[in-house]
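If you read the protein sequences in the order shown, they are chains A and B. Letter by letter, the first sequence follows residues 679 to 1120 in my numbering. Letter by letter, the second sequence follows residues 679 to 1120 in my numbering. Note that the Cβ used here is the ideal one computed from N, Cα and C, for glycine as well.
Number of protein chains: 2
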Amino acid sequence: MEGQKPLKVAVLGCGVVGSQVVRLLDEQAGDIAARVGAPVEIAGVAVRRLDAPRDVDVPSDLLTTDALGLVSRDDVDLVVEVIGGIEPARSLILAALENGASVVTANKALLAEDGPTLYEAAEKAGRDLYFEAAVAGAIPILRPLRESLAGDKVTRVLGIVNGTTNYILDKMDTQGAGFEEALEEAQALGYAEADPTADVEGFDAAAKAAILASLAFHSRVTAADVHREGISDVTSGDVRSATDMGSVVKLLAIAELVSTGSTTGGGPAEPGVSVRVHPAMIPRTHPLASVREAFNAVFVESEAAGQLMFYGPGAGGAPTASAVLGDLVTVARNHRQGTRGVGESAYADRAVLPMGETRTRYHVAIDVDDRAGVLAAVATAFATHGVSIQTVRQEGRGDDAQLVVVSHEATDAQLSATVAELRDMDIVHDVTSVMRVEGTDE
Amino acid sequence: MEGQKPLKVAVLGCGVVGSQVVRLLDEQAGDIAARVGAPVEIAGVAVRRLDAPRDVDVPSDLLTTDALGLVSRDDVDLVVEVIGGIEPARSLILAALENGASVVTANKALLAEDGPTLYEAAEKAGRDLYFEAAVAGAIPILRPLRESLAGDKVTRVLGIVNGTTNYILDKMDTQGAGFEEALEEAQALGYAEADPTADVEGFDAAAKAAILASLAFHSRVTAADVHREGISDVTSGDVRSATDMGSVVKLLAIAELVSTGSTTGGGPAEPGVSVRVHPAMIPRTHPLASVREAFNAVFVESEAAGQLMFYGPGAGGAPTASAVLGDLVTVARNHRQGTRGVGESAYADRAVLPMGETRTRYHVAIDVDDRAGVLAAVATAFATHGVSIQTVRQEGRGDDAQLVVVSHEATDAQLSATVAELRDMDIVHDVTSVMRVEGTDE
């Protein structure tokens, strides 16, 4: 090993993740060298401020504020980008690839917004662009999707890919907390940021859903294609209602292959994909239901393998750095041998369906007059729009009553029309909750 | 794609797995070609009898009983071995590699008994030998271990890698069934074979443990190195006792890095590995505890990533074929590009420790006289051998009593000596159960 020419890696960013990458590159140097077939040495670490406090000691001669200068150096073979955000990360990755370096990034926002630009640059440069850490932190999920399941046909991916929202929903479930209370607890513990919008409103999960869908279905899906609903409207009542039906509320990132069911063409409809993020009720017996606290998990269904689940920590400096370094070892081996790993695969070119065409089941809670004929009227409203009812539970509450309806599969458009009609009915006081039901066998 | 020269694959065996491999190669041909970059066509299918009934239609001109002739053909690029067993599988794989083919196999018994012979042949031939399907069926676990976690340090692997025994133990837990009754049910449902020895006595799990340990710790571990205990001695009482302490009994394949604690040397002891298969009590809150029926799961602990779990179907024709084909796509890509994936990595060369030096916790149930001083005498026996007690529960049962002791960590040798002394004591009627406790934080 000593005789092998070292590979030089530029690390862009030395925050929570970058500092752990630097630490592990040092502590695991011997193992990494053995696994790559050559030593991997740090060429430099690009930071915003040279004198900022950090979690790791970096020799001062390695630190630089000139990130572009660093990735443009002749001796840099590999670049790790852990700055995050769109710019300057995009420009730096493009410059690194043009310069002949192979790149590992954890940047979900950039990949979900403008992945194809990066994939094409990597293709043109003949270099690797790996990004396991961009989805579900330390959990190996992208490599299994694009390599282990390459001989199979993935039909659905259901992911708990945001730890903040899973923590909040778990506290609402186990402690009966309201959303605001659970959010405050998550903030106090550092699981949620002061401005929790990106997590709570599903933006973070939507970026990951786009990446998962792209890989699972060999198609280009960007964050803008993802239907997104957050958890800030989830109430204690929803959570209790889920419990009553043996379910639990989770924020799911969903990517599934669906027959478009289009009736305009002649032959069988070409399958499209539905990609969405929203809270949903899943049965407590579903493997995802037992994912607690801030853990992440991705549940994958495929034709031959059946049901698989990948579980672990979805964030944090060391776990994310583990995923970055796993990629780095592969990319370094390839770089050394002058080969490339699996690049972008978008040959299937599937269309992303509008949310209105997405079919799923629904849990609808309706406050109604407590008198004869109400159930018949409500059932008629569902039937009018082609939404078949699986179960209805009626609870008297003094002058009025609550109906809880769980439907069979229907499109989002059918359900929306049903809810609009219900809201116009005199006997209906309010539609208090509409939530999708996922992870059931129908 | 049409312009690319097809890769030719020889399939050895057309049983439960092989027939699914043949089916998927046909049904997924377009996707596989797109992912490989060239079509993958079947060169031939080697079977024992040409006229045997099978689950898939194979064109008769592809069938042959001459497996060696098939793998020796000039036009064969890839070989899938799903015959199982040691011979002729080993000779055929060696012949295929010598002939310049890349190989995918699901043969856990062969890999665990004689892996190094195969790895060396692959190395010498400059070809790939992949075997994801050999452990935990469809679950991607070997690729994550040797690639995704390549920048991390794996410290422990706990696997439920045998569906038959998990099914039996699950029935004992959920239905209060005895071992024999649960085994009969498993046999009736096809989860257990008429001669269930390989599963029930842990031989199948031991082969998988050897493979997992080799990959996790970059060392050579064979089935003969694995300490093995099956589940035929697990009683309803053990299962109830586990329930009483909030635990559940699982058959675990365990591979862990341990400090040898040797006092003969000067510096810090070089870590060795403990590799073993035995029933153990794990807390019901542990992610492995929720693995039900015949499902498999592998729980991995590493320094940076923390705790990961991989879950799914551990057997079956289609799931196993999914894993085979995932490997086949990778191997075909490499073969086409004239490169190799990750080969054997045994650089760490860690020693496998004798079971006597393995440290874990123990649950010991002891029938004793119901009189004063008994607890003190029993506690003294534990203390004499350096086994520290965490909890004792005492239950009077008429003339005699039962003591249930849960220890802190101790070596197997210390515990064995303790049990031997207990059995010699007049006040002890019987040591009715000794079971290891795993998956706790100590």
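Residue 807 of chain B is not a Cβ neighbour of residue 893 of chain B, given a cutoff of 8 Å.
Annotated as proximal: residue 886 of chain A and residue 837 of chain A, with beta-carbon spacing under 8 Å. The C-alpha of residue 1049 of chain B lies about 57 Å from the C-alpha of residue 1119 of chain A. Neighbours of residue 795 of chain A across chain B, judged by C-beta separation under 9 Å, do not exist; the nearest C-beta is about 22 Å away. The beta carbon of residue 786 of chain B does not come within 8 Å of any beta carbon belonging to chain A, so the residue lies off that interface. Going by DSSP, residue 708 of chain A is part of no beta strand (DSSP E) but of the alpha helix (DSSP H) stretching over 707–714. Here the alpha carbon of residue 685 of chain B sits roughly 15 Å from the alpha carbon of residue 1017 of chain B.
Nearest neighbour of residue 1059 of chain A by Cα position, chosen from A:1082, A:992 and A:1098, turns out to be A:1098. Under the 8 Å criterion on CB atoms, residue 1039 of chain B is classed as non-interfacial with respect to chain A. Within the region 702–764 of chain B, the runs of alpha helix (DSSP H) at least 4 residues long that lie entirely inside it are, in chain order, 707–714 and 745–749. When B:688, B:916, B:843 and B:1115 are compared, the shortest CA-CA separation from residue 749 of chain B is found for B:688. Taking 3 residues as the shortest admissible run, the region 765–832 of chain A contains the following complete beta strand (DSSP E) segments, listed from N- to C-terminal end: 780–783. Taken in chain order, the unbroken stretches of alpha helix (DSSP H) that lie wholly in the region 1012–1088 of chain B and span 4 residues or more are 1052–1062. In the three-state DSSP reduction, residue 962 of chain B falls in the coil class, being neither helix nor strand. For residue 682 of chain B, the secondary structure class from DSSP, reduced to helix, strand or coil, is coil. For residue 931 of chain A, the enclosing beta strand (DSSP E) has its first and last residue at 925–937. For residue 1037 of chain B, same chain residues with a beta-carbon under 6 Å away, outside a window of 5 residues either side, are 1087 and 1089 in chain order.
Contacts with chain A (Cβ-Cβ distance below 7 Å) from the region 825–857 of chain B involve 825, 826, 827, 828, 829, 830 and 831, listed in chain order.
Bridge pairing for residue 977 of chain A: A:836 and A:987 [DSSP]. Judged by DSSP secondary structure, residue 1108 of chain A falls outside any alpha helix (DSSP H) and instead within the beta strand (DSSP E) spanning 1106–1115. Judged by DSSP in its simplified three-state form, residue 994 of chain A adopts coil rather than helix or strand. Distance from the CA atom of residue 694 of chain A to the CA atom of residue 994 of chain A, rounded to whole angstroms, is 7 Å. Taking the Cα of residue 752 of chain B as reference, the smallest distance to any Cα among B:722, B:734 and B:769 is reached at B:722. A straight line joining the alpha-carbon of residue 997 of chain A with that of residue 811 of chain A spans about 9 Å. When secondary structure is reduced to three states using DSSP, residue 918 of chain A falls in the helix class. Contact with chain B is absent for residue 1069 of chain A, since none of that chain's Cβ atoms lies less than 8 Å from the residue's Cβ. For residue 960 of chain B, the closest Cβ of chain A is not nearer than 8 Å.
Only those residues of the region 704–717 of chain A whose C-beta falls short of 8 Å from the nearest C-beta of chain B are listed: 706, 709, 710, 712 and 713.
Proximity of chain A to residue 988 of chain B at the Cβ level (cut-off 7 Å) is accounted for by 988, in chain order.
Between residue 864 of chain B and residue 845 of chain B, the C-beta gap is smaller than 8 Å, which places the two residues in contact.
Taking 8 Å as the cut-off, the beta carbon of residue 951 of chain A is found closer than this to the beta carbon of residue 933 of chain A. At the C-beta level, residue 830 of chain A and residue 1000 of chain B come within 8 Å of one another. Taking a Cβ-Cβ cut-off of 7 Å, the neighbours of residue 816 of chain B in chain A comprise 983, 984 and 986, given in sequence order. Only residues of its own chain outside the window of five on either side were considered, and among them 830 have a CB closer than 7 Å to the CB of residue 982 of chain A, listed in chain order. Selection B:804, B:854, B:898 and B:954 evaluated against residue 1032 of chain B yields B:954 as nearest (Cα-Cα).
The shortest CA-to-CA distance from residue 902 of chain A to any of A:965, A:928, A:791 and A:817 is the one to A:791.
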